[in-house]
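Read the structure below first, then the notes.
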Amino acid sequence: MKHASARNVIERCFGVLKMRWAILRSPSFYPIKTQIQIITACCLIHNLIRREMSIDPVETEFNMDQSTEDLRDEEPVGSVASSNEWTAFRDELARSIFDAW
1 MKHASARNVI
11 ERCFGVLKMR
21 WAILRSPSFY
31 PIKTQIQIIT
41 ACCLIHNLIR
51 REMSIDPVET
61 EFNMDQSTED
71 LRDEEPVGSV
81 ASSNEWTAFR
91 DELARSIFDA
101 W
(Lines of atoms letter the chains of each structure in order from A; the text may use other names.)
(Lines give C-alpha, C1' and ligand atoms only; values in the text may rest on other atoms or scores of the structure.)
Protein backbone atom coordinates (compact mmCIF):
# COMPACT_ATOMS: atom_id res chain seq x y z
CA MET A 1 0.00 0.00 0.00
CA LYS A 2 2.82 2.44 0.81
CA HIS A 3 4.39 1.66 -2.58
CA ALA A 4 1.19 2.62 -4.41
CA SER A 5 0.90 5.83 -2.42
CA ALA A 6 4.52 6.77 -3.15
CA ARG A 7 3.98 6.00 -6.83
CA ASN A 8 0.95 8.32 -6.94
CA VAL A 9 2.94 11.15 -5.35
CA ILE A 10 5.81 10.70 -7.81
CA GLU A 11 3.46 10.52 -10.81
CA ARG A 12 1.76 13.71 -9.62
CA CYS A 13 5.13 15.47 -9.32
CA PHE A 14 6.08 14.43 -12.85
CA GLY A 15 2.68 15.58 -14.11
CA VAL A 16 3.03 19.04 -12.57
CA LEU A 17 6.57 19.45 -13.91
CA LYS A 18 5.55 18.33 -17.41
CA MET A 19 2.60 20.70 -17.36
CA ARG A 20 4.81 23.63 -16.35
CA TRP A 21 7.80 22.90 -18.61
CA ALA A 22 7.17 21.96 -22.26
CA ILE A 23 10.75 20.71 -22.65
CA LEU A 24 9.92 17.80 -20.31
CA ARG A 25 6.91 16.61 -22.32
CA SER A 26 8.75 14.84 -25.12
CA PRO A 27 11.89 12.78 -25.60
CA SER A 28 15.05 14.85 -25.56
CA PHE A 29 17.79 14.91 -28.16
CA TYR A 30 20.25 16.60 -25.79
CA PRO A 31 23.23 14.71 -24.33
CA ILE A 32 22.54 13.00 -21.00
CA LYS A 33 24.52 15.52 -18.95
CA THR A 34 22.55 18.38 -20.52
CA GLN A 35 19.28 16.53 -19.82
CA ILE A 36 20.26 16.25 -16.16
CA GLN A 37 20.98 19.98 -16.02
CA ILE A 38 17.65 20.79 -17.71
CA ILE A 39 15.67 18.65 -15.26
CA THR A 40 17.57 20.10 -12.29
CA ALA A 41 16.95 23.67 -13.49
CA CYS A 42 13.24 22.98 -14.05
CA CYS A 43 12.91 21.51 -10.54
CA LEU A 44 14.80 24.39 -8.93
CA ILE A 45 12.71 27.05 -10.68
CA HIS A 46 9.52 25.10 -9.90
CA ASN A 47 10.46 25.04 -6.20
CA LEU A 48 11.25 28.76 -6.29
CA ILE A 49 7.83 29.47 -7.83
CA ARG A 50 6.12 27.34 -5.17
CA ARG A 51 7.98 29.16 -2.40
CA GLU A 52 7.33 32.68 -3.70
CA MET A 53 3.76 32.40 -5.05
CA SER A 54 0.91 31.87 -2.63
CA ILE A 55 -1.30 30.52 -5.43
CA ASP A 56 0.34 28.58 -8.25
CA PRO A 57 -1.91 28.67 -11.34
CA VAL A 58 -0.17 25.68 -12.96
CA GLU A 59 -0.66 23.47 -9.92
CA THR A 60 -4.25 24.65 -9.53
CA GLU A 61 -4.96 23.77 -13.17
CA PHE A 62 -3.24 20.40 -12.77
CA ASN A 63 -5.33 19.59 -9.69
CA MET A 64 -8.53 20.50 -11.55
CA ASP A 65 -7.53 18.28 -14.50
CA GLN A 66 -6.74 15.38 -12.17
CA SER A 67 -10.05 15.63 -10.34
CA THR A 68 -12.03 15.31 -13.58
CA GLU A 69 -9.89 12.51 -15.02
CA ASP A 70 -10.93 8.87 -14.70
CA LEU A 71 -8.32 7.49 -12.32
CA ARG A 72 -7.85 3.78 -12.88
CA ASP A 73 -4.93 1.54 -12.09
CA GLU A 74 -2.52 0.96 -14.92
CA GLU A 75 -0.43 -2.09 -15.57
CA PRO A 76 2.81 -1.92 -13.61
CA VAL A 77 6.01 -1.36 -15.58
CA GLY A 78 7.82 -4.68 -15.86
CA SER A 79 11.03 -3.49 -17.44
CA VAL A 80 12.60 -0.50 -19.11
CA ALA A 81 14.83 -0.81 -22.16
CA SER A 82 18.29 0.59 -21.58
CA SER A 83 20.55 2.30 -24.06
CA ASN A 84 24.31 2.00 -24.36
CA GLU A 85 24.68 5.69 -23.54
CA TRP A 86 22.64 5.43 -20.32
CA THR A 87 24.37 2.20 -19.33
CA ALA A 88 27.79 3.81 -19.79
CA PHE A 89 26.67 6.89 -17.82
CA ARG A 90 25.31 4.72 -14.98
CA ASP A 91 28.49 2.64 -14.84
CA GLU A 92 30.70 5.75 -14.81
CA LEU A 93 28.57 7.33 -12.07
CA ALA A 94 28.75 4.17 -9.95
CA ARG A 95 32.51 3.96 -10.50
CA SER A 96 33.07 7.59 -9.47
CA ILE A 97 30.90 7.19 -6.36
CA PHE A 98 32.74 4.00 -5.41
CA ASP A 99 36.15 5.64 -5.97
CA ALA A 100 35.14 8.67 -3.87
CA TRP A 101 33.92 6.43 -1.06
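Number 101 marks the last residue of the sequence shown (full-length UniProt numbering); no jumps. For each residue, glycine too, the CB sits at the ideal point set by N, CA and C.
Buried versus exposed, by CB contacts within 10 Å (16 or more), residue i
i: Val16; result: buried
Where residue i falls: helix, strand or coil (DSSP)
i: Arg25; result: coil
i: Asp56; result: coil
i: Trp86; result: helix
Close-in-space but distant-in-sequence residues of the same chain around residue i (CB under 7 angstroms, 5 per side omitted)
i: Asn47; result: none
i: Phe89; result: Ile32
Residue i versus residue j: straight-line alpha-carbon distance, rounded
i: Ser26; j: Arg20; result: 13 angstroms
i: Ile45; j: Asp99; result: 32 angstroms
i: Met53; j: Arg12; result: 19 angstroms
i: Arg50; j: Thr40; result: 15 angstroms
i: Val58; j: Phe14; result: 13 angstroms
i: Glu85; j: Glu92; result: 11 angstroms
i: Phe29; j: Gln35; result: 9 angstroms
i: Trp101; j: Thr87; result: 21 angstroms
i: Ala4; j: Ile10; result: 10 angstroms
Neighbourhood of residue i by C-beta distance below 8 angstroms, restricted to the same chain and skipping five residues each side
i: Ile23; result: Ile38 and Cys42
i: Asp56; result: Ile49 and Arg50
i: Ala6; result: none
Residue i at chain B interface by Cβ criterion, 8 angstroms
i: Glu59; result: Of the protein chains in the structure, only one exists, and it is not chain B.
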